[in-house]
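Worksheet: the structure to be examined is printed underneath.
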Amino acid sequence: MSSETALAAGQRARGLAPFLRSQMRNIAPFLTLIFLSGFFALASPSFATLDNLGNILTQVSVTGIIAVGLTFVILCAEIDLSVASIANVTGIAVAYFTLQESYVNIPNIPLPGAAAFLLAILLCAALGLVNALGLTVIGIPSFIMTLAMMQIAAGISALLVRGQIAYKVPDMITTLGSGSIGGIPWIVIVAAIMLLGGHLVLTYTRFGRYVYMVGGNREAAEYSGLNVKLILGSVMVISAVCSGIGGMLGVAHFGSAQQNEFDTYLLDSIAAVVVGGTSLFGGRGGIGNTIVGLFVLGVLNNGLDHVNIDSFLKILIRGLILLAALIINVYAQRLREKAAE
Amino acid sequence: MREDRSPILELQGITKSFGGVEALRGVDFALSPGEIHGLVGENGAGKSTLMKIIAGVHTEFSGRFLIDGQETHFRSARDAHAAGIAMVHQELSVAPDLTVAENVFLGNQPTNALGLVQWRRMAREAGEQLARFGIDVDPMSRLGDLPIGLQQLIEIARVLFSGARIVILDEPTSALSPPEVERLFATLRRLREQGTAIVFISHFIEDILRVSDTVTVFRNGRKVAETASAATSKGALIEAMIGRGGEALEHSYSDDLMLPRPADGSVILKVDQLSLARSLKDVSFEARAGEVLGIYGFMGCGQQELSRILFGKLKPDGGTLAVEGRARTFASTAAARRAGVALVPESRRAMLFHQEPVYKNISISILDRISSLLLKPTQERDIAQRQVEQLQIRPPVVGLDLGMLSGGNQQKVALAKWLTYPPKLLVLCEPTRGMDVGAKNDVINIIRDLRAKGLAIIVLSTEPETVLSLADRILVLKRGAVVREFKNEPVSKDRLLEAA
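Here the protein sequences come in this chain order: A and B.
Using our numbering, you'd call the opening residue of the first sequence number 19 and step up by one each time.
Using our numbering, you'd call the opening residue of the second sequence number 129 and step up by one each time.
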C-alpha cells in the first residue's frame with residue numbers, strides 16, 4: 019500500500035515533459051496551424067488580412083459541417099466513406115423537389131421549400147440508417163459498408179439529375195448557403211453553430227460520454243452494459259445528417275446541383291478530423307481538434323493560392339502535409355500510451 | 129540443490145524507479161542452471177519489474193547485471209532473447225487469429241529454399257511438441273477458438289521448447305486446471321534436469337512450494353527473504369510477504385468446511401435447461417437473494433459461456449432464463465443491465481477503460497441513473513469518491529487514469545461500477561484472480577457485505593479456494609453440465625476436485 023501511495027505522489031510530481039508528451043495529440047496540430055499561418059503571412063502580403071480570414075472561414079464551412087458528424091464516427095473507431103456522396107445526393111434531392119427554371123431539363127417534382135427540405139433530410143437520415151443497420155445488425159465493417167453506400171448515394175444522384183444541372187433550391191437554403199448577415203456569411207454561422215453543437219453534445223451529454231467510451235474500449239463498454247450497437251448506429255445517422263446539411267448548403271453556396279460535385283469533400287473532411295488530432299483508433303480527440311484541423315486545411319488550401327506555386331504541385335503538397343499529420347496522429351497515440359505506463 | 133554450479137545469471141544491487149518512485153531498491157538475485165526459483169510477493173512488490181529487467185523489457189536501471197559471470201547490458205528484449213532468456217508474461221501474448229502451429233513457431237516458421245513456409249512440417253512439429261506437453265489439439269485450428277487455459281498452455285509450451293537457458297514464468301498457473309498444472313510441473317522438472325534455469329512467479333504459494341528449489345520473497349521493492357523451499361512453509365512465506373501475522377489471512381481449505389443451510393430468500397434467477405453448442409448442456413439452477421452461489425469447474429467447463437449468457441452477451445441455443453420470475457431473452461448487455469443483472473468478467477481489460485480516469489470507469493454503468501441528457505460530473509466524482517473510500521481503492525484519487533492503478537485496485541474498480549445502484553443478480557468471474565492476499569480479503573469482504581444486503585451473487589471460478597471462501601452453495605460444472613451440488617454439507621478442496 020505504501021508503494022502505491024508513493025506511486026500516486028510520483029505521478030503528481032511528474033514533470034512538464036511527460037504532460038506535454040501526453041498532450042502531443044492536441045499540441046501538434048496547433049503548432050502546425052501556427053507554423054503554416056506564419057509561413058503564408060510572411061510569403062504573401064495578401065494572406066494575413068481580415069478579408070482573407072473571411073475567405074478561409076467560408077471555404078472550410080461545408081467541410082466543417084460534414085466533419086462534425088464524421089468526428090463522432092471516428093471517435094467510435096469507425097469510418098464513414100459515404101459522407102461526400104450523401105452530401106451530394108441530399109443537395110441534389112433538395113433541388114429535385116424545388117421548381118427549376120424552364121431550361122433545366124430534369125423531370126423533377128416541385129414542392130414547397132419546407133417539404134423539399136424535409137424530404138432531403140429524411141433521405142440522408144435514411145441512408146445513414148442503412149449504414150447503421152449494415153454495421154450493427156448485419157455486421158459489415160464500416161469501411162466496406164460506407165464504401166457501398168458511397169456508390170449507392172452516387173447512383174441515386176445520377177438517377178435524379180440524369181447528367182443535368184439544377185440550380186434552384188428553397189429560398190431559406192439559398193440564404194443559408196450564399197447569403198450573409200452583417201457581413202458574416204450565413205454558411206459560416208451555420209458551420210459554427212453545428213461545430214459548437216457537436217462539441218456540447220460530445221462534452222456535456224451522456225451520449226457524448228458513451229461515444230468516447232465505446233471508442234476507448236468497445237468490449238468494456240459492452241461489459242458495462244452499454245448498448246454499443248445503438249451508439250454506433252446513432253453516430254452513423256448523425257454523420258449522414260450532418261453530411262446532408264453540408265450538401266444542401268453547399269449546393270446553395272455553389273449555385274448548382276450536379277453529379278460528383280462534392281468528391282473532394284470526402285478526403286477533406288476525413289483529413290480535417292484526423293489532422294486535428296482525433297485518434298483513428300477511437301476514444302481520443304473531439305470537435306476542438308476538428309476545428310484546428312479545419313483551419314490547418316483551410317490555411318493550407320487558401321495560402322497555396324496566395325503564393326506563386328505550380329498549381330499541380332499543390333496537390334502533392336497537400337498529400338505530404340496529410341501524411342505528416344497521420345504520422346503525428348499515430349505517434350501521439352504511442353506517446354500517450356507510454357505516458358500512461 | 130545444485131549449489132556447486134556457478135550462477136548463470138547474477139544481479140547485484142538492482143535499483144529501478146518509475147517517475148521518482150522506486151520499484152526495486154538494491155535487489156540481489158542469482159540463478160543457477162537446473163534451478164527452479166520461486167518468487168512471491170504482494171502485487172507491486174517488485175517481482176515483475178525485476179523479471180522484466182532480466183528479460184530486457186526494462187533497460188534503464190542501476191546495478192550490476194552478469195550473465196555467465198560477464199557484465200552485460202541488454203538494450204532490448206531481443207538482446208535478452210539472443211542471450212537465451214525467454215519470458216511468459218502474465219497477460220496472454222498470443223496471436224489469436226493465427227493457427228496453433230503458427231503460434232508455436234511464431235517468428236521462426238520453417239521455410240524451404242524459396243522462403244516459403246513449410247506448412248505441413250510446421251503443423252507436424254507443432255503437434256509433436258504440444259503432444260510432449262500433453263496438449264492434444266489440431267495444430268491447424270485457430271488459436272483464438274480454444275479456451276483461454278489451453279491458449280496459455282500453448283504459449284508456455286512455445287517458450288519452454290524455444291531452447292532458452294533461462295525461462296521466466298509470470299503467474300503461469302492461474303488459468304490452468306489441476307491436471308494442466310501437473311503437466312506443466314512435470315515439464316518444468318524435466319527441463320530442470322536438462323539444466324534450464326526457471327523463475328516461477330505465482331500467488332499460489334502451494335504451487336511454488338511444490339515445484340521450486342529456492343524461494344525468494346519481495347516486499348515493497350526489496351528482497352526480504354530467500355530460502356530453500358523445503359525449509360519453509362506457506363505461513364512463513366505469507367508472513368514475510370505482508371510483514372504482519374499471516375496465519376489467519378488465508379485458509380487452506382484442506383479441511384472440511386461446513387456449508388450453511390440453503391438461504392430461503394426469494395428466487396432471483398431461475399435457469400432451466402440452458403444449452404449452448406458444445407459449451408453447455410441442460411444447465412438448470414436457481415440463485416436466491418442473500419446467497420452466494422459458487423460455480424466451480426476446470427477451465428473450459430462452460431463457466432465463461434454461462435456468465436456471458438446471464439449478461440446477454442451470448443444467446444443460448446436452448447433453455448430459459450427468468451429473473452424474478454419473469455422469463456427473459458436479453459437482446460443486449462444493456463437489456464440485461466436494465467433487468468438487474470451485472471457481470472464482472474474474469475479479464476479486467478474487458479471491462480475497464482485504461483485511458484480514462486477512475487471516476488468515469490465507475491460511473492459508466494450508472495450514467496443513465498444519474499443523468500438523463502446532460503452529464504453531472506460533480507455527482508459522478510462524488511459517487512466515485514464514496515466507492516473508492518468504501519472499497520479502499522489506492523491511491524484514492526478519482527481523477528487518476530485507471531491504467532495507473534495496480535491490478536488488485538483495478539479489480540476493485542471493476543466491482544465498484546456495479547455497487548452504487550446494486551443489481552439484483554451479480555455475476556462474478558474469478559473475482560480474486562491474480563490478487564495479493566490483502567486485496568483478496570478486501571474483495572471477499574465486499575462480496576459478503578453485498579450478500580448481507582440481499583443480492584443474489586454467483587461466483588464462477590476455476591480456483592477451489594475462491595469458491596470455498598465465498599460460496600454458501602456450490603455447483604460443480606463439468607464439460608458444460610452440472611455434475612454435483614454441495615449444500616448444507618461438508619465440503620473441501622479435495623471433494624471439489626474429486627467432483628470436477
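Even for Gly, the Cβ is constructed at its ideal location relative to N, Cα and C.
All values reported here derive from a predicted model rather than from experimental measurement.
Hey, out of B/297, B/209, B/235, whose CA is closest to residue 175 of chain B's CA?
Ranked by Cα distance from residue 175 of chain B, the options B/297, B/209, B/235 are led by B/297.
Touch test, the region 251-261 of chain B against the region 328-340 of chain B, Cβ-Cβ under 8 Å, three pairs minimum
no
Identify whether residue 157 of chain B lies in helix, strand or coil by the three-state DSSP scheme.
strand
Taking only beta-carbon positions, decide if residue 344 of chain B is within less than 7 Å of chain A.
no
Below 7 Å on C-beta distance, what does residue 461 of chain B contact in chain A?
240, 241, 243
Should residue 189 of chain B and residue 142 of chain B be called a contact, given that it needs their Cβ atoms to be closer than 7 Å?
yes
Give me the DSSP bridge partner(s) of residue 145 of chain B.
B/150
Below 8 Å between beta carbons is the criterion; list the residues of the region 481-495 of chain B that meet it against any residue of chain A, in chain order.
481, 482, 483, 484, 488, 492, 493, 495
Where does residue 201 of chain B land, buried or exposed, given buried means 16+ other C-beta within 10 angstroms?
exposed
Alpha-carbon to alpha-carbon, residue 293 of chain A and residue 344 of chain A
One C-alpha to the other measures close to 7 Å.
Please go through the same chain and pick out, in chain order, the residues whose beta-carbon is closer than 7 Å to the beta-carbon of residue 507 of chain B, but skip the five residues on each side of it.
498
Those residues which DSSP pairs with residue 485 of chain B across a bridge:
B/529
Straight-line gap, residue 265 of chain A to residue 184 of chain A (C-alpha atoms, nearest Å)
14 Å
List in chain order: all unbroken alpha helix (DSSP H) runs of 4+ residues lying wholly within the region 391-443 of chain B.
431-438
Under the assumption that residue 267 of chain B contacts residue 229 of chain B (Cβ atoms under 8 Å), give the Cβ distance between them as a whole number of angstroms.
4 Å
For residue 144 of chain B and residue 390 of chain B, which I take to be in contact (beta-carbon distance under 8 Å), what is that distance rounded to the nearest angstrom?
The pair is not a contact, with the Cβ atoms about 52 Å apart (cut-off 8 Å).
Anyone know if the C-beta pair for residue 336 of chain B and residue 468 of chain B falls short of 7 Å?
no
Could you run through the region 210-224 of chain A and flag, in chain order, every residue whose CB is less than 7 Å away from some CB of chain B?
Sequence-ordered contacts of the region 210-224 of chain A with chain B read 222, 223, 224 [C-beta pairs closer than 7 Å].
Using a Cβ-Cβ cut-off of less than 9 Å, give me the residues of the region 288-307 of chain A that come near chain B, in sequence order.
301, 302
So residue 234 of chain A contacts chain B; which residues on that side make the cut at Cβ distance below 7 Å?
In chain order: 481, 483, 484.
So which residues of chain A does residue 502 of chain B contact, with C-beta pairs closer than 7 Å?
222, 223
Which full runs of the beta strand (DSSP E) of 3+ residues lie inside the region 339-374 of chain B, going along the chain?
342-347, 350-356
Within 7 Å (strictly less), CB to CB, does residue 231 of chain A reach chain B?
Residue contact with chain B for residue 231 of chain A: present (Cβ-Cβ distance below 7 Å to some residue of chain B).
For residue 512 of chain B versus residue 536 of chain B, is the C-beta distance shorter than 7 Å?
no
Using beta-carbon positions only, say whether residue 590 of chain B and residue 560 of chain B come within less than 7 Å of one another.
no
Whose Cβ in chain B lies nearer than 8 Å to the Cβ of residue 247 of chain A?
460
Is the Cβ of residue 96 of chain A closer than 7 Å to any Cβ of chain E?
Looking for chain E here will not work: the only protein chains present are A and B.
By the DSSP assignment, the beta strand (DSSP E) with residue 614 of chain B in it spans what residues?
609-614
Within chain A, partners of residue 417 of chain B - CB distance below 7 Å:
Ordered by position in chain A, no residue passes the 7 Å Cβ test against residue 417 of chain B, which lies about 21 Å from the chain.
Just curious, the alpha helix (DSSP H) that residue 195 of chain B is in, first and last residue?
According to the DSSP assignment, residue 195 of chain B belongs to no alpha helix (DSSP H) but to the beta strand (DSSP E) extending over 190-195.
Same chain only: Cβ atoms within 8 Å of residue 289 of chain A, ignoring 5 sequence neighbours per side
311, 315, 340, 343
Spell out the partners DSSP gives residue 227 of chain B in its beta bridges.
B/270
Counting only beta-carbon separations shorter than 7 Å, does residue 237 of chain A have a partner in chain B?
yes
Tell whether a beta-carbon distance below 7 Å holds between residue 300 of chain A and residue 233 of chain A.
In contact: residue 300 of chain A and residue 233 of chain A (Cβ atoms closer than 7 Å).
Tell me, please, whether the region 233-249 of chain A touches the region 448-467 of chain B by the rule of three or more beta-carbon pairs shorter than 8 Å.
Yes, the region 233-249 of chain A touches the region 448-467 of chain B.
Is the Cβ of residue 180 of chain A closer than 7 Å to any Cβ of chain B?
no
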